[in-house]
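Undergrad: Provided herewith is a single structure, encoded as structure tokens, for subsequent inquiry.
2 protein chains.
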Amino acid sequence: RDKREAARRYIVDFKTAAHTGSRRIYLQSADGTVAVPCREVSLHPSPDGSNNAPVPIYDCSGPYGDADYQADVSRGLPPLRADWIAARQDTTFCSTPLSALAVELDAQQGQFQHQVRQALPGCRPTQLAYARAGIITAEMQFVALRENMARAAQQQAASDLQPQHTGEGFGAGIPAQIDAEFVRAEIAAGRAILPANINHPEAEPMIIGRNFLVKVNANIGNSAVSSSIEEEVEKLLWSVRWGADTVMDLSTGRHIHQTREWILRNSPVPIGTVPIYQALEKVRGDVEKLSWELYRDTLIEQAEQGVDYFTIHAGVLKDFIPLTARRITGIVSRGGAILAQWCQLHDRENFLYQHFAEICQICAQYDVSLSLGDGLRPGCVADANDAAQFAELRTLGELTKIAWAYDVQVMIEGPGHVPLQLVQANMTEQLAHCHGAPFYTLGPLITDISPGYDHIASGIGAALIGWFGCAMLCYVTPKEHLGLPDKEDVKQGLIAYKIAAHAADLAKGHPGAQLRDNALSKARYEFRWLDQFHLSLDPDTAKAYYQAALPEGADT
Amino acid sequence: RDKREAARRYIVDFKTAAHTGSRRIYLQSADGTVAVPCREVSLHPSPDGSNNAPVPIYDCSGPYGDADYQADVSRGLPPLRADWIAARQDTTFCSTPLSALAVELDAQQGQFQHQVRQALPGCRPTQLAYARAGIITAEMQFVALRENMARAAQQQAASDLQPQHTGEGFGAGIPAQIDAEFVRAEIAAGRAILPANINHPEAEPMIIGRNFLVKVNANIGNSAVSSSIEEEVEKLLWSVRWGADTVMDLSTGRHIHQTREWILRNSPVPIGTVPIYQALEKVRGDVEKLSWELYRDTLIEQAEQGVDYFTIHAGVLKDFIPLTARRITGIVSRGGAILAQWCQLHDRENFLYQHFAEICQICAQYDVSLSLGDGLRPGCVADANDAAQFAELRTLGELTKIAWAYDVQVMIEGPGHVPLQLVQANMTEQLAHCHGAPFYTLGPLITDISPGYDHIASGIGAALIGWFGCAMLCYVTPKEHLGLPDKEDVKQGLIAYKIAAHAADLAKGHPGAQLRDNALSKARYEFRWLDQFHLSLDPDTAKAYYQAALPEGADT
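The listed protein sequences derive, respectively, from chains A and B.
Numbered by the working numbering, the letters in the first sequence go through residues 3 to 558 in order.
Numbered by the working numbering, the letters in the second sequence go through residues 3 to 558 in order.
Below, the structure is given as structure tokens:
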């Protein structure tokens, strides 16, 4: 109750997520149609009087990162992409959305005025379809500016901070400058996805692929026993403040539809879900009663709301289940366990596999990306890289080809728990079997003995697999295995993963990635404490620790 | 003041550091002369009624880990090794110790009745000298039992939990069973050290080498502006509770000698120091006044007290200093900076290099191990693996050979800040130039942008370099770069490094290393919550997080 009230106050009072010492700037496209938000840290002069150029930082906090923005979560964010979507003339507003029904069933009344779009007959309004057709969308332009971060200008402005070590990219192909054509080509090749449901115009375009900056995802969502809509919205705002590139709403408790509506309308980042969770709620947790029809309607409901990517456990085939029998921890993925149980109860093949083409048809109508779930991921280091895991991975490779045939964007989910020496094989196997589709891993945790600190154990594995080529790292919080993360856990998990993702960028030799390190280190060496704090991942904590160490009465 | 009073109460009330759910057992040598403490976690039966064998855990908490032990820090620990040392008849009590003078100079009167030993004329009572002579000491027997952890019996008792992945050891040679002869041979070859000053009989033998379990070190110590003897003793007790294999006392403030005396007399783990810090205090911080004579007396004073290893920055040669001129962060090692400044003020070669043979002669008399400091280590990722760093490393290789000529045990210190893709070169260069002597690294941090979270950034690098062959990992706490760690920081740093060290053991395929993971994961899968907590690195936090997540009124 206290937490819920605190969360309510937080989100009602919430105006901006801007960090001190930073200002919001916008990188403009040449034709002026696209303005990409970016955080710029201004620096003090060096002791010798020379100036230090401001440092631009990739910023996924959306309008919230602008100190002048006046957020009102009861109204949601402005629909940044609405005009771009409309201008393409391949979608229309839907007169009888399925999700309207869900709202009525829900305990709370719909708060937001969301008008549902759907594809015109025969149209596939996906970024993959456009990319294949040679079309550079506004979203692709946005992403190019965002990833490139005005690199050429920056290189001139801070020439003393440009030295960077040669990276080891394990086959990555990262150009010195990112332009929109490169973005288009990577999407067309299936090596990157730009998750952007036509019904989530509030989200800023971002890209997930090994030749771009490594991204991080934060999981939020309530459970049957805890949390409220207010707390989930609070975690969303907190997530984007601390650098989540995408957020997954894994709610399994009450008001799933309504919670998701609040999240979508207020999220500047793509939102992912695991639709089987809501489907299971609709049958009150009775796995046997799950059916394709129920699931299909859930997909459409969520697609109409604006979910940007679905985790679909279509690779958990009936024949693979016996391969998990000798594991120490069996099947630990919740989605995987649900599907495995369904297969056994019905003695039938996984209905997600059977109906995969129809799933793709739905996704193509809204540009929902697919995140092919690893329902058989290892739940402990002993079970890593086993026959079950890799059998599923090969199936995900087959499914990738099917999705691509429908112009649906795809990424592949990965483990889990993997000891250090087996991490690289996860990446090479994924590349071998999944045709270059982006990899998206949970951790991996490199040991099982650290409950309470699994953000660290998994951050180690995440840094490594990010270096090897994983495109997005799904965070793990200190509460993993023990309970649902609260706001502070979300932050702890995100900081650990921002470290991992950035370490991976540095290791791959991503152009310009080392600039922030160099600028911070120069500030440190010159005792420019405020500059050091402002350039750090968590200025608040760095400053607080420093001040706590000072003799009483002193200040920075 | 409050912290000091809290620390005083903590150490006065301190009786035991035993963890709940564990009991202390002792592994006995066949002849009964050696009893090695070990923590045993007892487990509940599985839901099917089958028993789960208890899991032994390497335990460096000394007598404190025994729930029956009644600690009294004002008297110190029992001198476990006193009889072993005496029985060798190559040392004698010293009638006129240099350190007695230091005690009188110190503001506080000596508390402990420590009788100083020194080598008999012509004798070198070092574990390296014994090993080379083919002698298996009691210390080596102790270490063999400790590292082997009754592996054969364990393999029988918990046969279901034995499966372990094949490791990748990068040339490590770890046998299936560790025996005392293997320990002797590794020490004789210089590939491992057993730091055990004859004046620190309270310490339990432990070994640092790439073919043994990866170890972690915790740094404690006061500074001119903060902390007290009580707080440092508290941090020592806290360090061994949370798994520090060795502790370095880096005190630079008041009462250095007395603080160290309290630490040594109460430490069950080897203690390291950086003697130049105390030498500099003796000349009130005036680097120009440092001299070989002053330094030599400081070494003898500390060797007489019982310091087990000295960090000596003898590789910071005058000619190398210009190599740091174009760095972003110059020289960040405090010892390195002091010596570089001294060289420049006097326009002379580093006196530690010039007098290195005499340093070795002193160390040989007390069996003080040398930790050859990396005074030119990189202080930011930009400066990693540069000419200055590797020039010093090659010099450390030369010095290693000299130390070995005096039967002095040696390890080599390493960086620092290194991006992921350059970590492995640090290990291969160290192996190439330092003749197989154990490597002991600080981190490395794999990015500079995480002040407040550098235990995580460095834990990533530490796991990696431990895997590649680094023998001991010096922790970094959340306060790194910002302030002096307090008790909680010590714990956070240690847990991060226990994760890194264990991850490295798993990755190398250290026999039996995966047992604890497997046991914990089995407990997790069977919802044996208490067993999961007790097997984890921090049972208290795991349990607290779990309970916080439960609905109110529930309990485990």
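No residue lacks a Cβ here, since even glycine has one placed at the ideal position from N, Cα and C.
Everything numeric in this text was worked out from a predicted model, so none of it was measured.
1) Can you list, in chain order, the residues of the stretch 510-525 of chain B whose Cβ is nearer than 7 Å to any Cβ on chain A?
2) With which residues is residue 58(A) paired in a DSSP beta bridge?
3) Based on Cα-Cα distance, which residue from 364(B), 302(B), 15(B) lies nearest to residue 125(B)?
4) Kindly list, in the order they appear in chain A, the residues whose Cβ is closer than 8 Å to that of residue 481(B).
5) Just grab the DSSP bridge partners of residue 419(A) for me.
6) Mind pulling the alpha helix (DSSP H) runs of 4 or more residues that sit fully within the stretch 71-105 of chain B?
7) What number of angstroms, rounded off, separates the C-alpha of residue 2(A) from the C-alpha of residue 293(A)?
8) How about residue 540(B): is its C-beta nearer than 8 Å to some C-beta of chain A?
9) In chain order, which alpha helix (DSSP H) runs of at least 4 residues are fully inside the stretch 441-506 of chain A?
10) In whole angstroms, what is the alpha-carbon distance linking residue 202(B) and residue 268(B)?
11) Against chain A, with Cβ distances strictly below 8 Å, would residue 424(B) count as a contact?
12) So, do the stretch 483-501 of chain A and the stretch 406-423 of chain B have three or more beta carbon pairs nearer to each other than 8 Å?
13) Taking three-plus beta-carbon pairs below 8 Å as touching, is the stretch 145-160 of chain B in contact with the stretch 381-399 of chain B?
14) Distance cutoff 8 Å, beta carbons only. Does residue 527(B) sit that close to anything in chain A?
15) Enumerate in chain order the residues of its own chain whose CB-to-CB distance from residue 358(B) is below 7 Å, with the five nearest sequence positions on each side excluded.
16) Examine the Cβ distances between the stretch 371-386 of chain B and the stretch 328-345 of chain B and report whether three or more of them are shorter than 8 Å.
17) Among 98(B), 336(B), 312(B), which residue has its Cα nearest to the Cα of residue 289(B)?
18) What did DSSP end up calling residue 516(B) once you bin it into helix, strand or coil?
19) Hey, does residue 395(B) have any beta-carbon neighbour from chain A nearer than 8 Å?
20) Give the DSSP-derived three-state secondary structure of residue 411(B) in the structure shown.
21) Evaluate residue 555(B) with the Cβ neighbour count: other Cβ atoms within 10 Å of its Cβ, from every protein chain shown; 16 or more gives buried, anything less gives exposed.
22) Does DSSP classify residue 312(A) as helix, strand or coil?
23) For residue 137(B), count the other beta carbons within 10 Å of its own beta carbon; 16 or more makes it buried, fewer makes it exposed. Which is it?
24) What's the C-alpha gap between residue 369(B) and residue 523(B)?
25) When you check each C-beta in the stretch 228-259 of chain A against every C-beta of chain B, which residues fall closer than 8 Å?
26) Identify each residue in the stretch 174-189 of chain B for which the Cβ-Cβ distance to at least one residue of chain A is less than 7 Å, and report them in chain order.
27) Any residues in the stretch 441-453 of chain A with a beta carbon nearer than 7 Å to a beta carbon of chain B? Which ones, in chain order?
28) Using three-state DSSP, classify residue 383(B) as helix, strand or coil.
29) Does chain A have any CB closer than 8 Å to the CB of residue 382(B)?
30) Could you work out which residues of chain A lie near residue 305(B), taking near to mean beta carbons separated by less than 9 Å?
31) Whole-angstrom Cβ separation of residue 192(A) and residue 412(A), contact assumed at under 8 Å?
32) Whole angstroms is fine: what's the gap from residue 15(B)'s alpha carbon to residue 515(B)'s?
33) From the DSSP output, which residues share a beta bridge with residue 248(A)?
34) In whole angstroms, what is the alpha-carbon distance linking residue 313(B) and residue 207(B)?
35) Is the separation between the beta-carbon of residue 458(A) and that of residue 501(B) shorter than 8 Å?
36) Can you tell me whether DSSP reads residue 138(A) as helix, strand or coil?
TA: Taking the geometry as given:
1) 516, 518, 519, 520, 522, 523, 524
2) 42(A)
3) 364(B)
4) 547, 551
5) 447(A)
6) 84-89
7) It is not possible to answer for residue 2(A), since the shown part of chain A is limited to 3 through 558.
8) yes
9) 456-470
10) 10 Å
11) yes
12) no
13) no
14) yes
15) 316, 401, 404
16) yes
17) 336(B)
18) coil
19) no
20) coil
21) Only weak support exists for where residue 555(B) lies, its pLDDT of 47 falling under 50; the coordinates are left without a value.
22) strand
23) exposed
24) 42 Å
25) 228
26) none
27) 448, 449, 450, 451, 452, 453
28) helix
29) yes
30) By Cβ distance, chain A contributes nothing, its closest Cβ being about 32 Å from residue 305(B), past 9 Å.
31) 7 Å
32) 35 Å
33) 219(A)
34) 19 Å
35) yes
36) coil
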